[in-house]
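Chains as they are written, first to last, in the working numbering: chain A, 268 to 379; chain B, 722 to 835.
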């Protein structure tokens with residue numbers, strides 16, 4: 268059974284700092300991995316989707332990497348801003364409609 | 722673009738009451754899902770519908786039923802609510818393909834069962 272772990276559960280950084288969020292998964296046979304952002308009381312917003320054949324995806328200040336062999340994905344946020352404060356979740360898709368496993372998220376606080 | 726719309730946003734039920742959570746998407750997606758989110762447990766799949774006319778159980782289906790009314794709408798019904806069903810419920814949809822080729826989520830329904 269796929270297990271997805273995100274460590275740390277919470278992170279607090281000063282504004283302007285570059286930071287890395289980690290996502291680990293136990294089954295390397297994934298089709299894709301997706302990063303989401305969740306604001307308090309809101310739904311999940313998709314940030315980046317990395318196909319299994321890709322090693323990274325970039326969108327603005329965000330860069331997500333995927334290393335299937337080590338079972339890891341990272342989300343890099345450059346020049347963090349207070350508006351980046353949210354919970355970030357990753358989800359690994361192992362194939363089939365019900366084989367998407369979510370991590371429990373990293374709650375990020377960017378301090379002005 | 723509306724995306725995925727869920728109603729209601731908040732609901733309080735008494736134990737044993739029933740209710741239906743509504744979900745509609747306007748992106749012409751084939752697949753739709755219902756998840757629940759509980760503290761420390763991540764999102765867990767309740768039911769999914771790969772395409773119009775089909776529904777299947779997910780990881781935690783007990784106590785729930787679903788209806789894929791048409792391509793746009795996918796409802797979740799609690800027949801006899803229990804306190805263990807207190808949670809935040811999310812509906813999601815995705816384009817054709819084997820599941821998560823890019824989920825779009827609704828804003829959620831916060832359900833409290835007392």
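Each residue gets a CB set at the ideal place from its N, CA and C atoms; glycine is no exception.
In this structure, DSSP gives residue 777(B) an extended state, which the three-state scheme calls strand. For the stretch 308-335 of chain A, the residues whose beta carbon sits under 7 angstroms from a beta carbon of chain B are, in order, 309, 310, 311, 313, 316. A contact between stretches requires three or more CB pairs, one per stretch, nearer than 8 angstroms, and the stretch 799-818 of chain B meets this requirement with the stretch 754-774 of chain B. Close to residue 828(B), with beta-carbon spacing below 9 angstroms, are these residues of chain A in chain order: 308, 309, 310. Residue contact check for residue 354(A) against chain B: no CB pair falls below 8 angstroms. In terms of Cβ geometry, residue 813(B) and residue 784(B) do not form a close pair [threshold 8 angstroms].
One finds 310, 311 in chain A with Cβ atoms closer than 8 angstroms to the Cβ of residue 811(B), taken in chain order.
Considering only beta carbons, the part of the stretch 271-295 of chain A lying closer than 8 angstroms to chain B consists of 271, in chain order. In the three-state reduction of the DSSP assignment, residue 349(A) falls in the helix class.
Restricted to the stretch 283-328 of chain A, the beta strand (DSSP E) segments that are unbroken, complete and at least 3 residues in length are 286-292, 299-305, 311-318, 323-326, listed in chain order. The three-state reading of DSSP puts residue 804(B) in helix, counting H, G and I together. Looking from the CA of residue 303(A), the closest CA among 379(A), 377(A), 359(A) belongs to 359(A). Judged by DSSP secondary structure, residue 793(B) falls outside any beta strand (DSSP E); it is assigned neither H nor E. When Cβ-Cβ separations below 8 angstroms define contact, residue 761(B) makes contact with chain A. Between residue 300(A) and residue 344(A), the gap from beta carbon to beta carbon reaches 8 angstroms or more.
Against chain B, the CB of residue 371(A) has a partner CB under 8 angstroms away; the residue lies at that interface. For the pair residue 275(A) and residue 378(A), the CB atoms are not nearer than the 8 angstroms cut-off. For residue 824(B), the secondary structure class from DSSP, reduced to helix, strand or coil, is coil. In this structure, the straight-line span from the alpha carbon of residue 320(A) to that of residue 335(A) is close to 9 angstroms.
No Cβ-Cβ contact shorter than 8 angstroms links residue 752(B) with residue 800(B). Here residue 798(B) is exposed: its Cβ has fewer than 16 other Cβ atoms, across all protein chains shown, within 10 Å.
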